[in-house]
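Step one of this worksheet: look at the structure below.
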Amino acid sequence: MAGSSSFPLTSPALSPLINAVGRVVLGKEQQVRLAFSCLLAGGHLLIEDRPGMGKSTLAEALARVFSLGFKRVSFTSDLLPADLTGINVFNTTEATFRFQPGPLFTQVLLADEINRASPRTQSALLEAMAAGRVSLDGISHDLPEPFFVIATQNSLDQVGTSPLPEAQLDRFLMRVSLGFPDRASEEELLRGSFSPAAATPPLLDGKSLKQLHHQCAAQHCSDELINYVLDLVAASRQGQGGLSPRASQALLAAARAWAMLSGRDYVIVEDVQSVLPAVVEHRLDAGRPAGSETPLSTKLLERVNALR
Amino acid sequence: MNRHGRQRLFKPETLAWFAMPPLLLQCLTLNWSAALTWPTYALLICALLKLWRCSKPFDRRLAALLQLLSAGLLASQLQGLLATILQLIAVSAAFAGLLGHELGGMLSVRALLRRSLQLLLAALPLALVLFLFVPRIAPLWTTELGPVRGAVTGLSSDLDPLSIERLATVNASAARVSVPDGEALPTTAYWRVLVHEQFDGRSWQHRDPPFSRQPYRGLLNESEISQWWVIEPSSTRAVPWDGRSKPAAKDQWVTSEGELMVGAASRQKRSFRLRKGTDAMRWQLRPPFDSERKHPPASLPRLKQLGARFRSLPTDQERLQAIERWFKNQPFRYSLNPGPITDLDNFLFENQVGFCGHYASAFAALMRSADVPARVVSGYLGGRQINPLTGSPYLELRQSDAHAWVEVWLEGTGWQQVDPTLWADRNAFDNGNQGQQRTKLTWSDRANWSPGRLGQWLQGQWWGLDMAWTRWWLGLNQSSQQNWLQALLGTQQKWLGLFVVLACTASLSLGLLMVQLRLGSHQPLEQSLRLLADFGVTPLPGDTFSDLCRRAAAAHPDRNQLLGAMAHHHQVLTHASLNSHQRREHLREWWRIQRELGSPS
């Protein structure tokens, strides 16, 4: 379960990747694995924490290790949608408009401090996340494959942020919070025994990533497991709110990826339990973390019989 | 998926609560003056409180035990078909609640109920052996502690025959009787209940008989049975009977007036049976008491005067005939609403409109003033034959069948039954609402049924089932058990003890085998959970099987490897896609680990 120090065996094909990222972000194996499963499941990742906790570092290391095209946009309150998507530029020699792609046209987009941007810009980005293409002046431009958004956001108690609405939060497969490193990891950090994100070696090419995606989608889910996911979703729907069908799809997809990271070709209940906090928490608390109380996902887990 | 949806509606432990309504419902019908009622209530209240505030596993078990005990106590007191079904529901709910707790809430409600029914089924062989072989003790529990109180509709010792018309509008059932298959039901018989022999000029009173039990002793032969009765709760111990049959059990006796008493608590539904009787009973030949000869008081001068006229006739028989002739010559009319009748003089000579109570009272008073001993009997007349789809036909007596008639003492023949109501105007009588409308409800004319009639029909069917159950249940009482044991083991029965022990052992092991087969083999997960429970690990909310194994391994480091392997095989069996060969292999391995874990280290 989450928080326990011992991790199940990692699949031999993926362990070098995890180790490489683990050398960049020290002592955060759980979060690294979650980020990996998010990418393997083909979802977008939201990393939330205070400034200076290593959010951008993790995002950059992830992009590099998969040898994907990587662009970084720092979101500010005056960032306009066109700054992301690009614009049509008038070509004086040919007397036509030519599309000048913006930073969105990349494989991994690191949207730094997404909650500092105006809602209008946020929604332009999220439209691209959902549809995988950008429409400009009636012409749609396909984004490259694969397309990941790794967004980071400051905690909401920071000044000058506009929180993402629920509908947009739902588009992120996972929300991961890094948290403070433990003493040993921080000591390593201070002694400089880590590798910088920019030096992360590319270990996988785009083709292999596609294969991994297919493999992930083919993980075996037993009836019992699907029932378990259904029970969880149904339990969340008692009372107000509840998880959307997109959330249940996301939960199963993330569990598949987690199982693959563990070197299994079938999904077990523990996989679901491991990814559940990251997948459902931001959908249940509507962007307002519960703070010191029992996390909603823990309560949800306790309400469903997991003996199967 | 449905199964899982239902699971969330209420927790499996809540099932224990479902045992309470049937138990409480039965308790309400118990007789407060019976000795065993109080412990039953006490047990049930304890169970309720325990269930209310149960925090520890021990509390749940205790609550279930209390529920089962009170169900057992109820079963010893209430044996009707409905009661038996309610007891069955209560017991299976209590078992299911207990199982729901013991198995850690891992089964759906439906599975728990199925499991508890299987448990009951497994206990059935032992129950049958005990039922058939262990000698029955006399019904101690029906001993009443005090007089019966409370209002129940029906004939009672307080009900004067002159106000019997109150019952005419009551459409409640009073009693049901069935006879051995092949015999015709006596649909026009007079069923006597109470004898009223004290007359004070205004009303007739019933005197409670002196306590002279002469209970029936000896073995009863099945072929001697002539009637099976089911009596609805009433406020008197006296029950309807034909005056000829004989008691067939220790708690039945006939009083000197000719009332049949059944010792069982009267505010409950009672059932009993009677033996065939052909010769005259003792009560019929018992000479009249002084109270049965006493002349009417002086407040009825005209009646006394008329009666005195017949005294000159030489024999009782002639006096009877003369008074009958006088009655038939008068223009009496039958009516349940006769208007104000101040006294019997007024009825006999002025009003001349009345119902059976008036005819019987006036006639008995006249006979007495003519020096012929007479008394009024209240009971039921006729009844309605019902042919249920399920069993043999039976006769239903309703409260509206209540009737009053007269018995006169004729020297040489004994007490003779006379019904003066029959001498009233026949036409008026037929129009009277004396419960005589024998509208038969049959399956063939179902097209004409209204909802009310359908309800009646359903009730008739239910009572038919109830009757069949009663006959079967009563048929296996002490004496017929003796008969059947004699047939099996001879008269000596010296091997009875050994036989019972052997049969009990056999049925117990059969039950255990059933439990093993039905509950064990198909559910490796449950078996493992029980095993882990022995290791001191019970599931917490949200625990997976591997979590349990890890906790058990932490507590028992020496079994670490086995527990880990068990968790792994469980994972593979449940979630991986296996072919049948792989599945068998894993299952085999799983069983091996279980055996190894189960064996002491």
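Sequence order for the protein chains is B and V. Counting from 1059, one number per residue, gives the positions in the first sequence under my numbering. Counting from 3, one number per residue, gives the positions in the second sequence under my numbering. Built from N, CA and C at the ideal position, the CB exists for glycine as well.
Counting only the same chain and skipping the five closest in sequence on each side, list residues whose C-beta sits under 7 Å from that of residue i.
| i | result |
| --- | --- |
| Ala49 of chain V | Ala65, Leu68, Gln69 and Ser72 |
| Ser94 of chain V | Leu115, Ser118, Leu119 and Leu122 |
| Ile1076 of chain B | Thr1068, Val1090, Arg1091 and Phe1094 |
| Ser1114 of chain B | Leu1168, Asp1170 and Thr1210 |
| Ala1293 of chain B | Leu1358, Arg1361 and Val1362 |
| Pro1260 of chain B | Arg1122, Val1123 and Ser1125 |
| Thr475 of chain V | The sequence shown places Trp at residue 475 of chain V, not Thr. These residues qualify, in order along the chain: Gln81. |
| Ala1099 of chain B | Leu1231, Cys1274, Ala1311, Ala1312, Arg1314 and Ala1315 |
Are there any heavy atoms of the ligand NAD lying less than 7 Å away from the beta-carbon of residue i, as far as the coordinates show?
| i | result |
| --- | --- |
| Leu1092 of chain B | Absence of the ligand NAD is noted for the structure shown, with no ligands found whatsoever. |
Does DSSP classify residue i as helix, strand or coil?
| i | result |
| --- | --- |
| Ala578 of chain V | coil |
| Ser1095 of chain B | helix |
| His198 of chain V | strand |
| Glu146 of chain V | Legend: pLDDT at Glu146 of chain V = 46, less than 50; position of this residue unreliable, value from coordinates given subsequently. Three-state result, Glu146 of chain V: strand. |
| Gln438 of chain V | Low local confidence applies: a pLDDT of 41 at Gln438 of chain V is under 50, so the model's placement there is unreliable, with the coordinate-based value given in what follows. Gln438 of chain V: coil per DSSP, three-state reduction. |
| Lys1265 of chain B | helix |
| Asn1149 of chain B | strand |
| Ile558 of chain V | Before going on, a small fix: residue 558 of chain V reads as His here, not Ile. In the structure shown, His558 of chain V sits in coil (DSSP, three-state: anything other than H, G, I, E or B). |
| Phe365 of chain V | helix |
| Met263 of chain V | strand |
| Pro23 of chain V | helix |
| Val131 of chain V | helix |
| Asp468 of chain V | helix |
| Pro1074 of chain B | helix |
| Arg553 of chain V | helix |
| Ala1175 of chain B | coil |
| Val1330 of chain B | helix |
| Lys271 of chain V | coil |
| His1340 of chain B | helix |
Short of 6 Å in beta carbon distance, which residues of its chain neighbour residue i, apart from the five on each side in sequence? Order them along the chain.
| i | result |
| --- | --- |
| Val1337 of chain B | Met1232, Ala1308, Leu1309 and Ala1312 |
| Gln584 of chain V | none |
| Arg1314 of chain B | Cys1274, Gln1277 and Val1325 |
| Gln1226 of chain B | Leu1184 |
| Leu84 of chain V | none |
| Ala372 of chain V | Gly309, Phe312, Arg313 and Arg321 |
Inspect the beta-carbon positions of residue i and residue j and report whether they are closer than 8 Å.
| i | j | result |
| --- | --- | --- |
| Thr1210 of chain B | Glu1185 of chain B | no |
| Val1166 of chain B | Ala1119 of chain B | no |
| Gly385 of chain V | Ser165 of chain V | no |
| Ser1253 of chain B | Gly1085 of chain B | no |
| Val131 of chain V | Ser509 of chain V | yes |
| Val1234 of chain B | Leu1319 of chain B | no |
| Pro422 of chain V | Ala362 of chain V | yes |
| Leu1248 of chain B | Gly1112 of chain B | no |
| Ala404 of chain V | Val378 of chain V | no |
| Leu460 of chain V | Leu533 of chain V | no |
| Arg246 of chain V | Gly279 of chain V | yes |
| Glu398 of chain V | Arg55 of chain V | no |
| Glu1328 of chain B | Thr546 of chain V | yes |
| Arg1341 of chain B | Leu1301 of chain B | yes |
| Leu1142 of chain B | Gly1160 of chain B | yes |
Leaving out the 5 sequence neighbours to the left and right, which residues in its chain are closer than 8 Å to residue i when beta-carbon positions are compared?
| i | result |
| --- | --- |
| Ser1280 of chain B | Tyr1324 and Val1325 |
| Thr1356 of chain B | Pro1335 |
Complete runs of the alpha helix (DSSP H) confined to the stretch 487-516 of chain V [at least 4 residues]:
Uninterrupted alpha helix (DSSP H) stretches at least 4 residues long and entirely within the stretch 487-516 of chain V do not occur.
| field | Residues within the stretch 553-579 of chain V neighbouring chain B, beta-carbon criterion of under 7 Å | value | Listed by position along the chain: Gln573, Thr576, His577, Ala578 and Ser579.
- Fully enclosed by the stretch 1207-1265 of chain B, which alpha helix (DSSP H) runs are 4 residues long or longer? DSSP runs (the alpha helix (DSSP H)) wholly in the stretch 1207-1265 of chain B: 1224-1227 and 1241-1249.
Going along the chain, which unbroken runs of the beta strand (DSSP E) with 3 or more residues stay wholly within the stretch 1114-1142 of chain B? The DSSP assignment places complete beta strand (DSSP E) segments of no fewer than 3 residues inside the stretch 1114-1142 of chain B at 1128-1132, in order along the chain.
Exercise for review: Give the residues from the stretch 529-550 of chain V that approach chain B closer than 9 Å (Cβ to any Cβ), ordered along the chain.
Suggested key: Correct list: Leu531, Pro541, Leu542, Pro543, Gly544, Asp545, Thr546, Phe547, Ser548, Asp549 and Leu550.
Within the stretch 385-430 of chain V, note down every full beta strand (DSSP E) run reaching 3 residues or more, in order along the chain. Entirely contained in the stretch 385-430 of chain V, the beta strand (DSSP E) runs reaching 3 residues are, in chain order, 386-388, 396-400, 404-412 and 416-420.
Query raised in the report: At a Cβ cut of 7 Å, what residues of the stretch 1192-1209 of chain B count as close to chain V, listed as they run along the chain?
Result: For the stretch 1192-1209 of chain B, which is checked against every Cβ of chain V, not one residue is closer than 7 Å.
Quick one: which residues of the stretch 1256-1290 of chain B get their C-beta closer than 7 Å to a C-beta of chain V? List them in chain order.
Only His1278, Ser1280, Glu1282, Leu1283, Asn1285, Leu1288 and Asp1289 from the stretch 1256-1290 of chain B bring a Cβ to less than 7 Å from some Cβ of chain V.
So if I threshold CB-CB distances at 8 Å, which residues from the stretch 1324-1344 of chain B count as touching chain V?
Against chain V - using a Cβ distance shorter than 8 Å - the residues of the stretch 1324-1344 of chain B are Tyr1324, Val1325, Ile1326, Val1327, Glu1328 and Gln1331.
*Contained beta strand (DSSP E) runs [length at least 3] in the stretch 326-385 of chain V, N- to C-terminal order*: Runs of the beta strand (DSSP E) inside the stretch 326-385 of chain V: 376-383.
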